[in-house]
Amino acid sequence: MNSVHTQTPAGAVVVGFDGSENARPALVFAAEEAIRREAPLHVIYAFLTPRTWGAPMPPLNIERIRDAVLNRAREIIATVTSDLTITTEFHQDDPVTVLLNASTQASVVVVGARGIGGVQRALLGSVSQKVTARAVSPVIVVHGPPGDPAGPVVVGMDPNEESDQVMEYAFAEARRRNTGLLVVQARQHEPTDPRTIREAGIGDYLNAAAEAAEGRGRELIDDWQTKYPDVPVTLQQLRGQASEAIIAAAKQGCVTVVGDHGRSGFAARVIGSVTQAVLYQVPVVAVVKITYDE
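According to the working numbering, the sequence shown is numbered sequentially starting from 21.
Okay, structure coming up:
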C-alpha cells in the first residue's frame, strides 16, 4: 500500500532516500527492518534547491524529480517485499531538519553513510552525521552489507557507564532477528607500556580494577538474561581500546549497537569518540540516544 504523507506515522521505520546508489543499501535495510518490527516504512526525500552564482538557475520540474525518486524507492523496496505498508514524504527543505522532525515519531531512523555528494573515504556524510548526533529516536547508519547477515547483534558495553537504553535496544534487536548477542567489554584508558606500569607501581591496582569491571559486566549480563532468556549471549571481555574491540567483533555481526555518547560527553549533540570510530569503519551501526540521571 502506497500513500503520500506530510507527517511520519507513529512508530514507523523512517529512511532518507535521495535516489542515489549510495542510498540504496540504507533503503533495503530499512525495508527489512520494517518487516522485522511489523511497522510501516516511511520514505523521506528532501533537498534544497542548489544555489548558483553568475548564471540564473534553470527552472526545475519539482514534481517530476519527486516522482522519479520516490518511484525509484518503491521499485527497490519491491525487490525486498510486497507485503509492507509504505508511506512517502517530500520536502524542498534541509534533509537534516526533515529527518530530525521525523525522528520524534519514528521507532528508528535509517540513513546512508553518504548520498549523492558522497566521497569514498572513511567519513560520514554531513546529513548522516548530524542526524545521528541530534535525532530523538535511535539511528541506524548503513555503509553497506553487514559483516555477517546471519551473525549475532554486536553491542559495546562499559559497566562504568551503564546504559539501559543501549542494552535494551541490543537485546530487543537480537530477539527480533532470532539471533544471538555478542557483548564486547573492553578496558581502555590505561597505560599499556609495561615499563610505565612497573615504575608507577600501579600494576596490581590496574589488574584489580579490570577484574572488578569484568565481574560487574558478568553481573549485568546475568540481570539482562532474566528479561531476555531466549536470547543467547556471548560476553567477550578484553584489555584494550573499546573502539578497536567493537570494530573487530563487528566483522562477524549483522548490526552493531553503540550509545551516542558516554557519561563524560560534554553535550548531547556531540558523538562520543568510540562511537565515531565505530561509525566510520563498521558497515551497519545502530546509535542509541543515551540519557543519564543526574
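In this text, a Cβ means the ideal position worked out from N, Cα and C, and glycines have one as well.
Grab me the residues of residue i's own chain with a C-beta within less than 8 Å of its C-beta, minus the 5 sequence neighbours each way, in chain order.
{"i": "Pro-169", "result": "Cys-274"}
{"i": "Ala-262", "result": "Gly-176, Asp-178, Val-204, Ala-206, Gln-208 and Val-294"}
For residue i versus residue j, is the C-beta spacing smaller than 7 Å?
{"i": "Val-34", "j": "Ala-122", "result": "yes"}
{"i": "Ala-269", "j": "Val-174", "result": "yes"}
{"i": "Gln-257", "j": "Gln-205", "result": "yes"}
{"i": "Val-298", "j": "Val-277", "result": "no"}
{"i": "Ala-43", "j": "Phe-37", "result": "yes"}
{"i": "Val-128", "j": "Ile-160", "result": "yes"}
{"i": "Leu-120", "j": "Thr-108", "result": "no"}
{"i": "Arg-86", "j": "Gly-39", "result": "no"}
{"i": "His-163", "j": "Ala-133", "result": "yes"}
{"i": "Pro-165", "j": "Val-308", "result": "no"}
{"i": "Val-130", "j": "Phe-191", "result": "no"}
{"i": "Ala-59", "j": "Ala-98", "result": "no"}
{"i": "Asp-114", "j": "Leu-68", "result": "yes"}
Does residue i come out as helix, strand or coil in the three-state DSSP assignment?
{"i": "Gln-140", "result": "Residue confidence for Gln-140 is low, a pLDDT of 43 falling below 50, so the modelled location carries little weight and cannot support an answer."}
{"i": "Gly-36", "result": "strand"}
{"i": "Val-204", "result": "strand"}
{"i": "Leu-68", "result": "coil"}
{"i": "Ile-310", "result": "coil"}
{"i": "Ala-30", "result": "coil"}
{"i": "Asn-198", "result": "coil"}
{"i": "Gly-132", "result": "strand"}
Which same chain residues, not among the five before or five after residue i, have their C-beta less than 6 Å away from its C-beta?
{"i": "Thr-254", "result": "Leu-202"}
{"i": "Thr-199", "result": "Pro-172"}
{"i": "Thr-124", "result": "Val-156"}
{"i": "Ile-266", "result": "Gly-176, Val-204 and Val-298"}
Compare the Cα-Cα distances from residue i to each of the options and report the closest residue.
{"i": "Val-186", "options": "Val-161, Gln-301 and His-281", "result": "His-281"}
{"i": "Ile-55", "options": "Glu-41, Asn-91, Ser-102 and Leu-119", "result": "Ser-102"}
{"i": "Asp-234", "options": "Thr-246, Pro-249 and Gly-260", "result": "Per the sequence shown, the amino acid found at residue 234 is Glu instead of Asp. The shortest C-alpha separation from Glu-234 is found at Gly-260."}
{"i": "Lys-271", "options": "Gly-167, Thr-246, Glu-264 and Glu-188", "result": "Gly-167"}
{"i": "Gly-292", "options": "Arg-94, Ala-153 and Pro-45", "result": "Ala-153"}
{"i": "Val-48", "options": "Arg-94, Thr-69 and Asp-243", "result": "Arg-94"}
{"i": "Tyr-65", "options": "Arg-84, His-111, Arg-57 and Thr-105", "result": "His-111"}
{"i": "Gln-27", "options": "Glu-41, Leu-61 and Ala-46", "result": "Leu-61"}
{"i": "Lys-247", "options": "Thr-105, Pro-45, Glu-53 and Asp-184", "result": "Asp-184"}
{"i": "Ile-96", "options": "Asp-114, Asp-242, Phe-67 and Val-63", "result": "Val-63"}
{"i": "Glu-264", "options": "Leu-240, Gln-296 and Glu-239", "result": "Gln-296"}
{"i": "Pro-45", "options": "Arg-238, Pro-303 and Glu-231", "result": "Pro-303"}
{"i": "Glu-53", "options": "Gln-245, Asp-243 and Val-100", "result": "Val-100"}
{"i": "Ile-241", "options": "Glu-188, Asn-227 and Ala-228", "result": "Glu-188"}
What does a CB cutoff of less than 7 Å around residue i pick up in its chain, not counting 5 residues either side in sequence?
{"i": "Val-116", "result": "Val-147, Lys-150 and Val-151"}
{"i": "Arg-57", "result": "Val-33, Ser-127 and Arg-196"}
{"i": "Ile-310", "result": "Ser-183, Gln-185, Val-186, Gly-279, Asp-280 and His-281"}
Against chain C, with Cβ distances strictly below 7 Å, would residue i count as a contact?
{"i": "Leu-61", "result": "Annotation note: the requested chain C is absent from the structure, which comprises a single protein chain."}
Start and end of the alpha helix (DSSP H) containing residue i?
{"i": "Thr-254", "result": "Element bounds for Thr-254: not the alpha helix (DSSP H) but the beta strand (DSSP E), 253-259."}
{"i": "Thr-295", "result": "293-301"}
{"i": "Glu-109", "result": "Glu-109 -> not in any alpha helix (DSSP H); beta strand (DSSP E) instead, spanning 106-111."}
{"i": "Thr-117", "result": "115-123"}
{"i": "Val-48", "result": "44-57"}
{"i": "Val-89", "result": "82-98"}
{"i": "Ser-263", "result": "262-270"}
Which residue marks the beginning of the beta strand (DSSP E) containing residue i, and which one marks its end?
{"i": "Val-173", "result": "173-176"}
{"i": "Val-156", "result": "Note, Val-156: premise wrong, no beta strand (DSSP E); not H, not E."}
{"i": "Thr-276", "result": "275-279"}
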